[in-house]
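Colleague: Chains as they are written, first to last, in our numbering: chain A, -17 to 522; chain B, -12 to 50. From the three backbone atoms N, C-alpha and C, an ideal C-beta is built for every residue, glycine too.
Structure below.
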């Protein structure tokens, strides 16, 4: 089927690689990975991490690139359309709805975090983030800035600066996306990704040359900081811990943006003879370089040097990124420059990801409903603005953001990734998928990946998913064997639950229903177009 | 995000051990070599069609 309207494509191979790498490289590379590696004992964690990369990350990436390009050749650019082409059953397009719902919903809160990064870059550059030596001051600043103390604070209260940054990044995202795949996303990522890597290298050199900044605390030096990050613990015991495997596989999984619906959309704009094997591997390796080579060398060692182990222990992603690191950078020589560079690189990492979250929605509205670029950008802008407004308003304890991230940004991604790998290995078929992947390929995929993709990857993914549900939904304690549902569940079902969490899940359901209804309408258009094409072929 | 409720205590701190140097060198070295090799392959490979589909032809449907 061809619609005759969608002729966008990537203008260069490096451009699509930078765009996919930009989609993958995000805050998790610089904030979440280093914390997990240090937490679980880096030796054992890195073993589990690289095994997961080999049997989970890289195979799913290749599968997504292949499925997207395959369906793109049939004229489909959106996830429902791609699954309509892949699964020749009326249900297929509804499975594909997940590939539109996930990125669009994640965008609604991700753009808010992106605004924090830009805001922190600005405050660092102007010296407003030098708040002394007490980490609590930085925690208070963050809570006021994002409205974590009270619902509606950022909109109706006095501390509404974050809204200014939010409007800027929101507008910037839509201006870039309006310019299209090549002139918008590709051009931005071709400049943004090298700039991000350059900024990270500048900050890395600064961190590695810090030595012992405070002579009164000789233990807090760069070697001890690196030791805190990289010294392995008891590898054998740690590898027996299922939570370590869950953390390592989860990090690979979310870091590479597999199962988001982004890679299949991006690769649908490729041509039949465009290489996807080397391009997919290059985008993956770019993400790994940023994560292990840059994120792993900067964040935890820097925090350790200035705050010691006590300052790093127990910090989550936001705690490390927006409470600990501002204090760390404020203590460095030339703090304004390095603080601004750090938060601006986080902003670049975030915007290259958020752009990729919009394209699946744009593609669906254009292809499914026949809207033109201006109409689809306007409609998606309205939908995402309403969702973001909900998240920004219900900012107390960032409850809305956290709830949506859990159910969409983690749970649904597991579901879609599982579907994708099963479709590649079992619906399209491993032999056909293999053949498709190698059209125009610059290199061969080693043969041992065939059984990995068909058997090991789905099994590993399902095991990790089951473990994730056991730990994070049912609250399973492997030592006692007891189940105690986590806060994400009790927030929804307990009489003392959270109304904001329930409304957040209601918002997710609303978005899913919207996309299902529009997919039904799109399906009728596609069926009609398919019938017309068949009639023409018969007459010819 | 989404995993913020499952933090566990960090391991103890000490200076870089031989194991630490090994873990860091192998991990960072592997991703650096892989990334460099891939970029080198992409940039040096001559594919004639690489430069001929640079025209973006968007039908914005505004007619």
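Among the residues of its own chain, which have a CB less than 8 Å from the CB of residue 217(A), if the five just before and after it don't count?
Modeller: Here the question's residue 217(A) lines up with position 235 in the first chain. Hits under 8 Å: 23, 25, 26, 29.
Colleague: Whose C-beta lies closer than 7 Å to the C-beta of residue 226(A) among residues of the same chain, with five residues either side of it excluded?
Modeller: Residue numbering aside, residue 226(A) sits at position 244 when the first chain is read from its first letter. Result list for residue 226(A): 22, 26, 27, 30, 220, in chain order.
Colleague: Could you have a look at residue 430(A) and say whether DSSP puts it in helix, strand or coil?
Modeller: Within the first chain, numbered from 1, the residue matching residue 430(A) stands at position 448. Note: residue 430(A) maps to coil in three-state DSSP.
Colleague: I'd like the list of long-range same chain contacts for residue 507(A), defined as Cβ closer than 6 Å, with 5 residues on each side in sequence excluded.
Modeller: On the first chain, position 525 is the one that residue 507(A) refers to. Same-chain partners within the cutoff: there are none.
Colleague: Quick one: what does DSSP say residue -8(A) is sitting in, helix, strand or coil?
Modeller: In the first chain, residue -8(A) corresponds to position 10, counting from 1. Looking at residue -8(A) - three-state DSSP - the assignment turns out to be coil, as it is neither helix nor strand.
Colleague: Alpha carbon to alpha carbon, how far is residue 336(A) from residue 242(A)? Give it in angstroms, no decimals.
Modeller: For this step, residue 242(A) is matched to residue 260 along the first chain. For this step, residue 336(A) is matched to residue 354 along the first chain. Straight-line Cα distance between these residues: approximately 12 Å.
Colleague: Quick check: residue 415(A) and residue 249(A), are their CB atoms within less than 9 Å of each other?
Modeller: Position 433 of the first chain, counting from 1, holds the residue named residue 415(A). Position 267 of the first chain, counting from 1, holds the residue named residue 249(A). It is not a contact, given that the beta carbons lie outside the stated cut-off.
Colleague: When you compare only the Cα positions, how much space is there between residue 458(A) and residue 490(A)?
Modeller: Taking the first residue of the first chain as 1, we reach residue 458(A) at position 476. Taking the first residue of the first chain as 1, we reach residue 490(A) at position 508. One C-alpha to the other measures close to 26 Å.
Colleague: Please name the residue or residues paired with residue 458(A) in a DSSP beta bridge.
Modeller: Translated into the one-based positions of the first chain, residue 458(A) becomes position 476. Note: residue 458(A) sits in a beta bridge opposite 465(A).
Colleague: If you run the structure through DSSP and keep just helix, strand and coil, what is residue 297(A)?
Modeller: In the first chain, residue 297(A) corresponds to position 315, counting from 1. Coil, per DSSP.
Colleague: Which residues in the same chain have their Cβ closer than 8 Å to the Cβ of residue 298(A), if we skip the five residues on either side of it in sequence?
Modeller: The sequence position of residue 298(A) within the first chain is 316, counting from 1. 17, listed in sequence order.
Colleague: Which whole-angstrom value is the C-beta distance of residue 130(A) and residue 305(A), which I expect to be below 8 Å?
Modeller: Within the first chain, residue 130(A) is the residue found at index 148, counting from 1. Within the first chain, residue 305(A) is the residue found at index 323, counting from 1. Actually they are not in contact, since the Cβ atoms of residue 130(A) and residue 305(A) sit about 11 Å apart, beyond 8 Å.
Colleague: Compare the C-beta of residue 90(A) against all C-beta atoms of chain B and say whether one is closer than 9 Å.
Modeller: For the purposes of this step, residue 90(A) is taken as residue 108 along the first chain, with counting starting at 1. Cβ-Cβ to chain B under 9 Å: no for residue 90(A).
Colleague: If you compare alpha carbons, which of 492(A), 404(A), 384(A), 410(A) is closest to residue 482(A)?
Modeller: Here residue 482(A) is taken as the residue at index 500 of the first chain, counted from 1. Comparing Cα positions, the closest option is 384(A).
Colleague: Once DSSP output is grouped into helix, strand and coil, what is the label at residue 7(A)?
Modeller: Locating residue 7(A) in the first chain gives position 25, counting from the first residue. Residue state, collapsed to three classes: coil.
Colleague: Tell me the DSSP secondary structure of residue 147(A) in three-state form.
Modeller: As a working mapping, residue 147(A) is identified with position 165 in the first chain. Reduced to three states, the DSSP call for residue 147(A) is helix.
Colleague: Compare the C-beta of residue 210(A) against all C-beta atoms of chain B and say whether one is closer than 9 Å.
Modeller: In the first chain, the residue the question calls residue 210(A) occupies position 228. Yes, residue 210(A) counts as interfacial toward chain B.
Colleague: List the whole-angstrom C-beta distance separating residue -7(A) from residue 168(A), where the pair is believed to meet the contact cut-off of C-beta under 8 Å.
Modeller: Indexing the first chain from 1 puts residue -7(A) at position 11. Indexing the first chain from 1 puts residue 168(A) at position 186. Contact holds; Cβ gap of about 6 Å.
Colleague: Strictly under 9 Å for the Cβ-Cβ distance: is residue 41(A) near chain E by that measure?
Modeller: The structure shown contains no chain E; its protein chains are A and B.
Colleague: For the 8 Å Cβ check, are there 3 or more pairs between the segment 345 to 361 of chain A and the segment 499 to 506 of chain A?
Modeller: Flag = yes, the segment 345 to 361 of chain A and the segment 499 to 506 of chain A touch.
Colleague: Roughly how many whole angstroms lie between the Cα atoms of residue 364(A) and residue 357(A)?
Modeller: In the first chain, residue 364(A) corresponds to position 382, counting from 1. In the first chain, residue 357(A) corresponds to position 375, counting from 1. Each residue's alpha carbon lies about 11 Å from the other.
Colleague: If we require 4 or more residues per run, which alpha helix (DSSP H) segments fall completely within the segment 295 to 375 of chain A?
Modeller: Listed in chain order, the complete alpha helix (DSSP H) runs (minimum 4 residues) inside the segment 295 to 375 of chain A are 307 to 313, 317 to 351, 355 to 375.
Colleague: If you run the structure through DSSP and keep just helix, strand and coil, what is residue 56(A)?
Modeller: Residue numbering aside, residue 56(A) sits at position 74 when the first chain is read from its first letter. Residue 56(A): coil per DSSP, three-state reduction.
Colleague: In chain B, which residues lie with their C-beta within 7 Å of the C-beta of residue 338(A)?
Modeller: The residue given as residue 338(A) occupies position 356 in the first chain. Here the premise fails: no neighbours, minimum Cβ distance about 17 Å.
Colleague: Taking only beta-carbon positions, decide if residue 154(A) is within less than 9 Å of chain B.
Modeller: Counting from one through the first chain, the residue named residue 154(A) turns up at place 172. Residue 154(A) does not count as touching chain B.
Colleague: On a CA-only basis, which of 327(A), -1(A), 510(A), 13(A) is nearest residue 303(A)? Give me that one, please.
Modeller: Residue numbering aside, residue 303(A) sits at position 321 when the first chain is read from its first letter. Ranking 327(A), -1(A), 510(A), 13(A) by Cα distance to residue 303(A) puts 13(A) first.
Colleague: Are the CB atoms of residue 206(A) and residue 1(B) nearer to each other than 9 Å?
Modeller: Residue 206(A) sits at position 224 when you count from the first residue of the first chain. Residue 1(B) sits at position 14 when you count from the first residue of the second chain. A contact, by the Cβ cut-off of 9 Å.
Colleague: Would you mind reading off the limits of the alpha helix (DSSP H) that contains residue 28(A)?
Modeller: Taking the first chain and counting its residues from 1, one reaches residue 28(A) at position 46. Its alpha helix (DSSP H) spans residues 24 to 34.
Colleague: Closer than 8 Å by C-beta to residue 340(A): which residues in its own chain qualify, once you throw out the five before and the five after it? Chain order, please.
Modeller: Position 358 of the first chain, counted from the start, is the residue given in the question as residue 340(A). If we look at residue 340(A) and ignore the five residues flanking it on each side, its Cβ neighbours are 85, 86, 89, 155, 156, 159, 362, 366.
Colleague: Looking at the secondary structure, which residues open and close the alpha helix (DSSP H) in which residue 518(A) lies?
Modeller: Locating residue 518(A) in the first chain gives position 536, where the first residue counts as 1. From DSSP, the alpha helix (DSSP H) with residue 518(A) extends over 481 to 521.
Colleague: Does the Cβ of residue 54(A) lie closer than 8 Å to at least one heavy atom of the ligand PLP?
Modeller: The ligand PLP is absent from the structure shown, which contains no ligands of any kind.
Colleague: Mind checking residue 499(A): buried by the 16 CB within 10 Å criterion, or exposed?
Modeller: In the first chain, counting from the first residue as 1, residue 499(A) sits at position 517. Exposed: under 16 other Cβ atoms inside 10 Å.
Colleague: Within its chain, find whatever has a CB closer than 7 Å to the CB of residue 230(A); leave out the 5 residues flanking it on each side and keep chain order.
Modeller: Counting from one through the first chain, the residue named residue 230(A) turns up at place 248. 27, 30, 31, 34.
Colleague: Quick one: which chain A residues come within Cβ less than 7 Å of residue 10(B)?
Modeller: In the second chain, counting from the first residue as 1, residue 10(B) sits at position 23. Within chain A, the residues near residue 10(B) are 24, 25, 28, 212, 214.
Colleague: Need the endpoints of the alpha helix (DSSP H) that residue 114(A) sits in, please.
Modeller: On the first chain, position 132 is the one that residue 114(A) refers to. Note, residue 114(A): premise wrong, no alpha helix (DSSP H); not H, not E.
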